[in-house]
Every structure is written in C-alpha cells, then in structure tokens.
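K.L.:
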Amino acid sequence: MKKKIAKVSAASLITLSMTVGNVAAFNNHDDLSVEDESSNDKNIDLNSNSTTELENNSSIETKNGNKEVIGQTKFVDENGNITTVDVYDGTTGEVYNPRLRVVSTANMVNFNCSSAGTTTEFVDYYTGQAGYISKASAADAAFLGYENGKVKFMISGVTGLVDPSKVEVLTQGTYYASNYEVNSSGNLYHYISNNVNATGNQGNSNYVGKGPSYLTKGKEYYSYDGHYFYENYNTMITDYKNNVRTNSVNPSTPYYNYFQYLPMRSKTNYTAQELTTYLNNKANSSTSKLNNTGDMFIKYQNKYGVNALMAASFAALESGWGKSSIAQNKNNLFGMNATDANPSEDAKKYSSVEACIEDFASNWMSKKYLNGTYTSLFRGGYFGDKGSGIFGKYSSDPYEGEKCASIAENMDASISGKDKNYYTIGVKDVAGTSRTNLNVRQSSNISSTVLYTTIKNPSYAFIVRKKTPENEFYEIQSDSVLNSNRTAVSTSAEYNYDSDYAYVSSNHLTIVNNGNDISYEKNEAPVISNAKITNVSRSGYTVTCTVTDDNAVDRVLMPTWSENNGQDDLIWYTANRSGNTYTIEVKTSNHKNDSGKYHTDIYAYDSEGKVSKVELTATVPGANEAPVISNAKITNVSRSGYTVTCTVTDDNAVDRVLMPTWSENNGQDDLIWYTANRTGNTYTIEVKTSNHKNDSGKYHTDIYAYDSEGKVSKVELTATVPGANEAPVISNAKITNVSRSGYTVTCTVTDDNAVDRVLMPTWSENNGQDDLIWYTANRTGNTYTIEVDMMNHNYDTGKINTDIYAYDDEGEYSKLELDTKIEENQAPVISDVKVINVTSDEYTVICKVTDDLEVVRVQMPTWTVNNGQDDIVWHEAELKNGVATFTVNRKDHNFEYGDYITHIYAYDREGLKGFSICGTVNLKEPDINTSTKPIIKNVKISNINDSGYTVTCTVLSNNKITEVLFPTWTYKNEQDDLIWGVGQKLENEYTFRVNRSDHNYEFGTYVTHIYAYDEKGAVNNIELPFHNIINTTERIGWAYIDGQKYFFDNKGNIAGNMPSKKVIDVSSYNGNIDWNTVKQYGDIDGAILRIAAHPNGEYIEDVQFANNLAACRRLKIPFGVYIYDYSNSENDALNEAKFVIDILQKYNVTPDELGYPVYFDLERTTITKEQNIANMNAFISEMNAKGYTTNVYSYRAMLNSSLNDKAILSNVSWMAAYTDTIGWENPYYKGKFGWQYTSSGSIPGISGNVDISCWYTI
C-alpha cells in the first residue's frame, strides 16, 4: 500500500491553491500517529501506458519511476527514532551547456543529479573553506547566480561555489523544496527534499523542537539557514542575493535551536546511571553497543570536556542506537574514518566501545573539532550546520547537526528535562550576513593576551559563563584547551572546565539563549564508606565498600598482604564494581595459605587523579574443622519421589555433598549415591521413585558433607512415600458472572501426585453439541478457571453445559458436570433522554442506552414539522460508554426554522431495537427587526441532473439585500474551480443554477456556500451539505446507467464489461476519517483496511484499525483487510498470519463478516520469486485454516516480472496500475477482482489523497 499522511487543508473559502514561484512544498505532520517504518511506495510513470512501479523507501512520489537508488539518508522523529531511507536519482533532465544562454529566472540548485558523484565538493564563498555534500542527504539549494564560471548557492547556512557540471540549475517550474512547518501541537519539523522531482512529501522530516511563536501553525516556511523563515520562496532568494534577511517573518529574532548551537564544552546535568538507563531502554536491544555506556560518556566528558549527553546523541545517530554493522563489527559508534565511498571497509576498528568513546572525545573532538586553532577541521565547537559547527566538516550530510540536536532534545525530555536552556549561549555574526574574526583573550580588557582568534564563519556560538559583561567583555568557555596559567592554547586533550575560560567583546555577541551563570566547583577526593570485611574463613575473605565522587570514580585498588613475612605476599587487587559498590575476594591460596592477621587497604581514585584511602584488617583462622550440616529436611513427598535440602558451611571450603538414598523394601538393592546440586550454601537433590523400582514405603537418605581437606560430617533422614495413585479431586466447582455475553467457571483441583491438565468442554443444548468447545483451564495455584464467551456458542440462550475433566500425570482423571441458564435477549433500553444546547441553529440530543448484550448502533431520525417528513434524515449518533449523542443542525434540514421532531432507535448485536421519542424542539427564527445580519433559511436543492442542480433559499433582512452569492467548487482539487455565482431574486427568494460546465465538467461531490449582504455591509453565510452530481450519460469515470454503477477507463472502456463496485483502501496515514461523510457522499461500496504496521522491524496493530473497523460495522460498509508483507522466511510469514488472526479474533471478526478477502501485500523487490511463493503459501495456508479467504495484492510491473508465476498469479485478485487502461490479463484466476486505478483519489470525509479501486468479476 502507498504510505500516506493526510493533511487537512487550511484554505478558507476564498483562498485558492497556493503557487510559489518554481517550488512546491508538501508537508504532512499534523497530529497524526505515524509509525516509523519504510514506506515501500508505488511510484508510477504517467507518461505512457506501460507502467513501472518501484519500491520507494525515500518516501516520495517522483515524476519518473525509472530512477535508481543512489544512496541512503537518515531522519529523526520527535521520539528520537531514526529512520534510514533509500534515495533515488533526482536528475531532472536539464543538461548543463556553457554555450547556451543562462536563464536568469532560475532559483534552485539540484545536487541530486546523475552528473554528481556520491559527494560534491564546494568552496565557501566567503571563507574559502573546502566543503562537501552528499547528494543522498539533500537535493535542493538556493540558486544565487553565477560567479567566475561557478554556481553560487546556499544550503544549510553556507553560501558556496560549485562546478556547474556537478549540479543542475533549475528553470521556473514546480520542484520540491525543503521547508519548515509547525504542527497543531506546536512542534517544528524540517521537511528535507532528497529529490526535487517529488510530487508529494511522504514524511521525510526531522523533528527540530518546539516552534517559535512567530511561525503560524500549519503554514509552510522556507529557509536555507534555519534561522530566518520566509513565506515566499522568491522573496527569500532576493534577500539572499542582497545579503539581507529584511523580508523574513522574523528579521529581528533569528531562531537558534538550543542543542544544535550548544557548544560541546558544556556538561550534562545527568548522572552516568541516568544516561545508561535511558540508552539501554531506548536502544531496546541486548546487543546494542550503547548499552551500559553512561559512565563512559560521563568519564570522558569530565576528562576531555565533551558533553556526555551530546556525545551520546552523536553516537546514537551515527550508529543507529548502537546497532549498525560498523558499531557491531568494529565497536565504532561515531563513524570515524567511515568514508562515503566505502564506509564499512574504511571505518576504524576499536578493541572496545570504551576505547572508541575515549578516542572520539580526546583525539577527534578535544584536539581537533573543538580546538579553535585546528582550522583545517574546526568550524565551531557545537553541532551546527554546513555554515559553522562540527558538521561543517565532519559529515557530508548538511543536516546532521540538526539530527543530532533532535536526538539530544528527545533524550533530555525523556529523562527529566534538566539540560535544555541551562546554559547561556551568545552568537557571533548572529544574522549570518557579516563575518568577523573575533579575538579570544586571556582577560577582560583589550590589552590582554590573545589566546586565539575565531574563524570568520557566522553564527559562531559561545557558552557565556557570566551574563553581565566585565569592561564590555563576556567571560566565555574556551573552545580550545588552555595551558595551566591560561596564557596560551595547549596541545593536551584534557580539558579543565574551571580554568579553561576566556573573554570576548560583548559588542560582537548576541545572546540567543538566556540561561544560567556558570561556575565550577573544585574537585574533591572520592568518599569511601561502608568499608568492611566479611565471609572470613581459612580460604580467605570478602572486602566491600561504597565509593562516591563529585566527579567520576576512575578505579579502586585494594592492596592486600599477611603479617607473617612483612609484605612478601603483597597483591594490588583491582576491585570489581557494581553501581557504587566495589568488591574483591581475597584467597589465602594467593598468599601462601597464611593464617593470622591480614591487611587490606582501599585506594579510590577519581577521573582527575584525586585519591582517598581506608585501612582494614582481618584474622584468618588456622586449623580446619569439619563442615557443618544444618536445616536438613525432606519436602514435596509424593508417589513420584521427594526433595532433600540442607545448608552446609565450612571454615575452609566445601568440596562436595553426597546423599546416598535407598528404600527399605529389599535392603539396599536400590542404593544410589546422589551428588547434591549447590546454590550458595544450599544443597539439594530430587529423589525419583522411578530410580528405586517405584517402591513405596520408608526411604532413607543420608547426607555426607566433605571439605577441601577431607573432613566429613553426616546427617540421616527418612521419608515415607505413599502407595497407589488416586484420581484428582475436584472441589469448589461453580459458575459465576452469568450474562448474555458469557460466564466464568472455577474449581479447585488437587492430586496426591501432580495435576497434568484440566479441560472444560462446553456446549448449548439448542442444536445438540454443534458448538462444543473443549476449553483448557487456566491455572493459578490449585484453582482452575475458564471464561466462556457466548460469541463462540452462537449467542445461544437457554441451558448451557460445562463439564470438568481433571487429569493427573499418570492418566487418572475425575469428572464433574455443571450447567447454567442464559436468559433470552432483551431489546436495548433507552433512558434519560435530554435536549441540551438549544440555539437558533441546532440542538443536542443525549440519552443513555443499555442492553443485556451490547448496543452497537444508535440512530436519531429527525425532521421538521413543516411539510411532513420531506427532510427526514436518519442521523448516526455517537455512542460512547453507554451514552448516545447527536447534534441536530439546520444545515441537514434545508436550513428551516421552527419545530423539529427527533426519534431514537437503539440496536443490539442481534438486531433487536429499542425505541424512544425525544419530542418536539423549536429552533426559533431570529427577529428580523433585531437581527444584525441577513437571515438565510429554507434552502432547497432541485432540478438535479447530469448537468447540475439548482439552489433556492429565502433571505430576509430589515435592510435592503444588495447581493446574494453562491460560491461553488468541486471537492476534488480543493478550490481550483471556485466560482462565485450571483443569485437571481424573486421576492424574498434567491436562486442559482450550479452548472457542471462551469467546473471543468467534473462529476462527483460539489460544495456550495451562500453569502447574503445587506446595504449596511452586514453579511451572513452558511455552508450547504455536500451534493453529488452523478454521471448517467458520459462514458468516463464512474457512471450510473439504468440504475447500475459502471467504471469507464480513460479510453472509454467499461471495466470488466459489467457493473463495478467502488472500493477504497485506508490506513493510519489517512488520519481520522469522517466515516459518516464518506458513507453519505463518497458513493463507496466497500473498504479494505490496513490491519498492521511495521515500525522498528516489528508488527503492531494499525493505530486507526479499531476506529475504521467500528465505523464500517456501524455504517454497514463491507470491508476486508490487508497487511504489507515484510517476511524473509516461511516462518516469518506464518507469524504474520498469526498476528492478523489474533487481531481479527480480538475484535470478533468472523470469516463470514468479511465482505472482501484478507490481502497479502507483495511489493518488495529484494525477495526472490521462490521465497515469495513459499512465504505466500505459508501465510495463505494459515489464514485458510482459520476460515479466512485470503488473496494476494501487488502492482502490475511486479506481477509482470519478479512475481510472474502461476503459483502467485492464481491467488492475485487485486492489482494496482495507475494508467489509462488496466492493460493486464490473468489466465490463472477467476472470481471477484479489484483494479486499483489511482492513489490520488478524492473522497469526502478523507483528508488528502486516497487509493480507489473498481471491483468486478473476471
């Protein structure tokens, strides 16, 4: 299925579709639950009748479906999830020729074109710095002209020059441009164009953060620097060319994303454990290389000055939360040396994850990318963009800084939100239009030593340690490591937060985040507490202690020696760590087996070299004693045997425990010497009578405990094993919670041996045992329970039988019979009927509905007293928690005033209905003498035919009516055909004829409003219900001929040469569907619902499936379901089938209820034909076994190629081909068949495009 995200149009009545220069932006991120999964879209070549459909993981539709995959890129959502998508070649076809005239109106540069390599090199226009961009990461840039034979452009904050043969300069037309949008929840998203040929954005966006107040929700903005936003693309280009930002929506308040511009010479406020907990939970994988790394990030933050949370975010993006192949195979979390040409082979390999993190923090960040004097790589010590920051040079992805910042934002918000906005950030050249080399000084005066000078790059961020300037200088955190007396930049990687500070002129910095003033406390030595020696024996002892530090504990050493010969046996033990607890095990065997006094000192070191010490002593005993046996006992005695347990301790070490066992029946002929199993100091054996000739009666078990020096102790035990087996005993059997929907059966079962299982066959007496089900009872202790669902027994009433069979593990069983009575179904009861919120335009009816089974539908037919029931409408009420609600509006009743009558009908699952009368409600007409605007009423539609319809209304006013207008347009393509019709007056009535000829001769749904104006400028308007103009004459699209519905293809052929059904397919990407409107105006005959999604490699139920299913049931819309296949094996496909079955059974969807089959959606080109066949057979076989008719869906190009096999084609009953004619025959299938002829259909009640199919019989 096509992956879609619906976006509700914000266009007002008089707003036409927006055209912006030569770009089109299509955004879709408005309050929808969107799974994070590959899209696998179908891209259709509409230029010929032969169709090429390709899997498109880049999540866009392109104008040419024959492009190849040229790379991959990543996107980050608001939950920190990382999606990797395929990117297709985005060449537009415009060939660079230096001899041709340059088109001066061009305003976009395309980096994703066939003439470009994997990366494209450029030169910064202002600084001369070299840079490079991956064409898979971003396609579009602003075109700013030609200079010195080079193309001048802007992207991600950098203005550059590039060889014109490596890019495309695009002329005026419609291309897909990167853009920004704030959704209705206030979240800002950056939609990135990876292919300028896109005709629809399918969700390739990064979550940026909370949107600034000056951006309007739901509106698209353009920006190639991420700081200034424009409503109009060409206005932005003009500003860029003039090196100003005057015409942006925020010319005086540039947007700076906190984590994107927070220098990494900062500290997180989180502990190592808090980071570890988050990373472990987020990675959600036992093999992730990010597991248990919080202490490493904190350790090297404190040593090398690299913010731990930001470094972890960096690693999460580069390594895919620690699960990428480079991370797994090379312990490389940051993609170090992973070139664009051959990342897997070139990436650096590390001996451990910690070695990688230290190398990144020390050599890559502190010495280079965060060092202001390392100008070959340094672009600013923050994530940033291509114009400034780490990712100006670190990566070919121009938006990687934004993505790392997004992960950092989510990480902070998910833990406790302590980091965001903590620091004060000041920015040099904040507007991006000036470029200054700023001196970084030792002191706050102009004569002090210059430690280093910044690069010219604009938007250069500093941490301002003190917001109040000193002599017009800000104290800032230095990017570079300084020497000990702060007179110069050091070559060391170790960073001192307290002393590595400097000063810059406050006149050159703009504060963009007003955080805290910063000071760093002096480091204190670690604190050692709870130090103790335990478990002292001849073999040694245990040393434990707790160590905490204001920074980070580096290591704990515990030197140990005996007093016998000075320190000749001295060993420096490295303690094992668990949280803040450190432990060693001292073995006397490592100390010449000395006894007597031992010394253990504890040395605790922190990451900055501070140390603390504690001294301990212990006395190790001398001569050996025999082991001590205690707590010896026999338990769990049954016919099958018994359990023997005891505790054994020794002053040295227990070597083994033996437990010889025999019965008294024939002396010791069955004697067995059991070796006990050990858990700590507890020893256990399980005696099985099957090893002792199944004897019953008296048994002996002796216990022998030996230590490592041969000492032994003994204890004797006896047990009596019972004789012949008895059947289980069933007691406390009862039936409770009896209702029309079912009941509960519980009982207690005990046995002298062991209960094996309890079965409870259940059936009604209505038709013998035709509904017999053998339930397996659920066990809790000795209690067994089943829940009988009467849906499984045809909702029969009368006597219902449940027998109980209890089996033991030797086959003996007992039986008990129970029965109960299910009362006959009663009709729903309607009560507490109320009319509330009565105005002159509407009123709300609310009532309670109850039923002994389940109320599934409530209707409230309503009509006006005037003219009988000529305007009766059977309204579908909203039903929630036993309360039905509906608001009656004049709009649905010809906009009449006066008395309204509403009745109420409630239906249960078996079709019984309850009835109640709401009564008469008066919608009072406004007083014409006091009304401040014209009154519009009595609206009627007449003279309905293929050519149009006539709208008539009454308009009253105390003032003269000057004009009545009837703006009308078709639902399809929004308001592209809007016409403001002028009403013709006859006394107080106004009439307007809507002609199809005025609206591109379109059939389908029409929208008409009425605007009435009086002489004093007052206006009133109303919105009429949708109206469908039905095709009964023309051979195009859907047409009604002699009352039958037909579908004509674009060549005028009748699809299937017979009447067809109009069927839609929907998923969560269609959002919250207004099914009442779909049913009333969509003219559909069925719906196929996506049942499952596949984010993060695992199936989940489609988040809209329950809502869509309930609506189809309520409105009696025939439905089927589909699942997109991700299986790589038959077992995967079997699990997919079981997942579908579980969801269908969860909602009690029986095979007979499905109006259309279950569809197995085959679209992946990476699976072989043979594997697809095997997977399909496994899926269909499992579904058919449960009675569900199951077929295959795919698209024509794939069915003509990689799926072209009789085994598959014989199951294909639904196919996609978005061309003039179906152009396909299948000799292997006969029956009902669906042709999905469009993915860009328009249905009232569904926002955005929708797939539509026609169904007929072949």
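Residue numbers (mature numbering (1 follows the signal peptide of the UniProt record, and there is no 0)): -25 to -1, 1 to 1233. For glycine and all other residues, C-beta sits at the position ideal for the given N, C-alpha and C.
Is the segment 897 to 913 touching the segment 929 to 937, taking contact as three or more C-beta pairs under 8 Å?
P.N.:
The segment 897 to 913, when compared against the segment 929 to 937, does touch it at the 8 Å Cβ threshold.
K.L.:
In terms of residue numbering, what span does the alpha helix (DSSP H) encompassing E375 cover?
P.N.:
Here residue 375 is taken as the residue at index 400 of the sequence shown, counted from 1. E375 -> alpha helix (DSSP H) spans E375 to I390.
K.L.:
Who does L163 pair with in a DSSP beta bridge?
P.N.:
Stepping through the sequence shown from its first residue, residue 163 is reached at position 188. Answer is V157 and G184, bridged to L163.
K.L.:
May I ask you to report which of helix, strand or coil DSSP gives M271?
P.N.:
Mapped onto the sequence shown, residue 271 falls at position 296. Reduced to three states, the DSSP call for M271 is helix.
K.L.:
Rounded to the nearest angstrom, what separates G616 and T737 at their Cα positions?
P.N.:
The residue given as residue 616 occupies position 641 in the sequence shown. The residue given as residue 737 occupies position 762 in the sequence shown. For G616 and T737, the distance between alpha carbons rounds to 36 Å.
K.L.:
Do the CB positions of Y427 and V415 come within less than 7 Å of each other?
P.N.:
Here the question's residue 427 lines up with position 452 in the sequence shown. Here the question's residue 415 lines up with position 440 in the sequence shown. Closer than 7 Å, so yes.
K.L.:
Which of the three DSSP states is assigned to V502 in this structure?
P.N.:
Counted from its first residue, the sequence shown places residue 502 at position 527. In this structure, V502 counts as strand in the three-state DSSP scheme.
K.L.:
If you follow the alpha helix (DSSP H) that I1116 is in, where does it begin and where does it stop?
P.N.:
Counting from 1 along the sequence shown, the entry for residue 1116 is found at position 1141. Per DSSP, I1116 belongs to the alpha helix (DSSP H) from E1105 to K1121.
K.L.:
Go ahead and label S326 buried or exposed: buried means 16 or more other beta carbons lie within 10 angstroms of its beta carbon, across all protein chains shown.
P.N.:
Indexing the sequence shown from 1 puts residue 326 at position 351. The residue in question, S326, is exposed, as its Cβ has fewer than 16 Cβ neighbours within 10 Å.
K.L.:
Can you tell me whether A316 is buried or exposed? The criterion is at least 16 other CB atoms within 10 Å of its CB, across all chains shown.
P.N.:
Translated into the one-based positions of the sequence shown, residue 316 becomes position 341. A316 should be labelled exposed.
K.L.:
Is T819 near Y875, with beta carbons less than 7 Å apart?
P.N.:
Along the sequence shown, one-based indexing puts residue 819 at 844. Along the sequence shown, one-based indexing puts residue 875 at 900. In this structure, Y875 does not lie closer than 7 Å to T819 by Cβ.
K.L.:
Locate the alpha helix (DSSP H) running through F335, then write down its first and last residues.
P.N.:
Reading the sequence shown from its first residue, position 360 is the one you call residue 335. Careful: F335 lies outside any alpha helix (DSSP H) and carries neither H nor E.
K.L.:
Rounded to whole angstroms, what's the CA-CA distance from L1178 to A1153? Just pull it up for me.
P.N.:
For this step, residue 1178 is matched to residue 1203 along the sequence shown. For this step, residue 1153 is matched to residue 1178 along the sequence shown. Cα to Cα, the separation comes out at about 16 Å.
K.L.:
Look at N510 and T517 and say whether their C-beta atoms are less than 7 Å apart.
P.N.:
Indexing the sequence shown from 1 puts residue 510 at position 535. Indexing the sequence shown from 1 puts residue 517 at position 542. Closer than 7 Å, so yes.
K.L.:
Going by DSSP, which residues form a beta bridge with L284?
P.N.:
On the sequence shown, position 309 is the one that residue 284 refers to. Bridge partners of L284: none, in fact.
K.L.:
For the segment 239 to 254 against the segment 440 to 450, are there 3 or more C-beta pairs whose distance is under 8 Å?
P.N.:
No, the segment 239 to 254 is not in contact with the segment 440 to 450.
K.L.:
My understanding is that A500 touches L591, with C-beta atoms under 8 Å, so please give their C-beta distance in whole angstroms.
P.N.:
Taking the sequence shown and counting its residues from 1, the one referred to as residue 500 is at position 525. Taking the sequence shown and counting its residues from 1, the one referred to as residue 591 is at position 616. That pair is no contact at about 18 Å.
K.L.:
Please decide whether T213 counts as near chain D, where near means a Cβ-Cβ distance under 7 Å.
P.N.:
Judged by its chain identifiers, the structure shown contains no chain D, having just a single protein chain.
K.L.:
Ordered along the chain, which non-local residues of its own chain (more than five positions away) have a Cβ less than 8 Å from that of T907?
P.N.:
Translated into the one-based positions of the sequence shown, residue 907 becomes position 932. A993, listed in sequence order.
K.L.:
By the 10 Å Cβ neighbour count, where 16 or more other Cβ atoms means buried, how is I45 classified, buried or exposed?
P.N.:
For the purposes of this step, residue 45 is identified with residue 70 of the sequence shown, where counting begins at 1. I45 should be labelled buried.
K.L.:
Tell me which residues share the same chain as I1155 and place their Cβ nearer than 6 Å to its Cβ, disregarding the 5 neighbours each side in the sequence.
P.N.:
Numbered from 1 along the sequence shown, position 1180 holds the residue referred to as residue 1155. Same-chain partners within the cutoff: T1165.
K.L.:
Could you give the distance in angstroms between the alpha-carbon of V464 and the alpha-carbon of K278?
P.N.:
Position 489 of the sequence shown holds residue 464. Position 303 of the sequence shown holds residue 278. Those two C-alpha atoms are separated by around 17 Å.
K.L.:
Would you list the one or two residues that DSSP bridges to Q1019?
P.N.:
Here residue 1019 corresponds to residue number 1044 of the sequence shown, with the count starting at 1. DSSP output for Q1019 lists I1016 as bridge partner(s).
K.L.:
On a Cα-Cα basis, can you pick out the residue from K441, R1171, A1192 and T1194 that is closest to I1183?
P.N.:
The sequence position of residue 1183 within the sequence shown is 1208, counting from 1. Measuring from the Cα of I1183, the nearest candidate turns out to be R1171.
K.L.:
Could you compute how far the alpha carbon of Y759 sits from the alpha carbon of S570?
P.N.:
Counted from its first residue, the sequence shown places residue 759 at position 784. Counted from its first residue, the sequence shown places residue 570 at position 595. Y759 and S570: Cα-Cα distance of roughly 59 Å.
K.L.:
Does the beta-carbon distance from V914 to N869 come in below 7 Å?
P.N.:
Taking the sequence shown and counting its residues from 1, one reaches residue 914 at position 939. Taking the sequence shown and counting its residues from 1, one reaches residue 869 at position 894. Yes, the pair counts as a contact, with Cβ atoms nearer than the cut-off.
K.L.:
If you draw a straight line from the alpha carbon of T314 to that of I301, how long is it in whole angstroms?
P.N.:
Position 339 of the sequence shown, counted from the first residue, corresponds to residue 314. Position 326 of the sequence shown, counted from the first residue, corresponds to residue 301. C-alpha separation (whole angstroms): 12 Å.
K.L.:
Just to confirm the assignment, what range does the beta strand (DSSP E) spanning A859 have?
P.N.:
In the sequence shown, residue 859 corresponds to position 884, counting from 1. V858 to N864 is the span of the beta strand (DSSP E), which, as asked, contains A859.
K.L.:
Flag this pair as touching only if the segment 177 to 190 and the segment 81 to 100 have three or more C-beta atom pairs under 8 Å; answer yes or no.
P.N.:
Touching, no, given that fewer than three Cβ pairs across the two stretches are closer than 8 Å.
K.L.:
Report buried or exposed for W849, applying the criterion of at least 16 other Cβ atoms within 10 angstroms of its Cβ.
P.N.:
Position 874 of the sequence shown holds residue 849. Under this definition W849 is an exposed residue.
K.L.:
Rounded to whole angstroms, how far is the Cβ of V62 from the Cβ of N170, which I believe are closer than 8 Å?
P.N.:
Translated into positions along the sequence shown, residue 62 becomes position 87. Translated into positions along the sequence shown, residue 170 becomes position 195. Between N170 and V62 the Cβ distance is about 7 Å, and since that is below 8 Å, they are a contact.
K.L.:
How about G310 and E329: do their beta carbons lie closer than 7 Å?
P.N.:
Counted from its first residue, the sequence shown places residue 310 at position 335. Counted from its first residue, the sequence shown places residue 329 at position 354. Their beta carbons are not under 7 Å apart, which means G310 does not touch E329 by this criterion.
K.L.:
Mind checking T67: buried by the 16 CB within 10 Å criterion, or exposed?
P.N.:
Within the sequence shown, numbered from 1, the residue matching residue 67 stands at position 92. Label assigned to T67: buried.
K.L.:
Out of V144, T466, V589 and Y449, which one is the CA nearest neighbour of D492?
P.N.:
Locating residue 492 in the sequence shown gives position 517, counting from the first residue. Among V144, T466, V589 and Y449, the Cα nearest to that of D492 belongs to Y449.
K.L.:
If we ignore side chains and look at the alpha-carbon of each, how far apart do A468 and W296 end up?
P.N.:
In the sequence shown, counting from the first residue as 1, residue 468 sits at position 493. In the sequence shown, counting from the first residue as 1, residue 296 sits at position 321. C-alpha separation (whole angstroms): 27 Å.
K.L.:
Given this structure, state the Cα-to-Cα distance separating K323 from T48, to the nearest angstrom.
P.N.:
In the sequence shown, the residue the question calls residue 323 occupies position 348. In the sequence shown, the residue the question calls residue 48 occupies position 73. So the two alpha carbons sit approximately 21 Å from each other.
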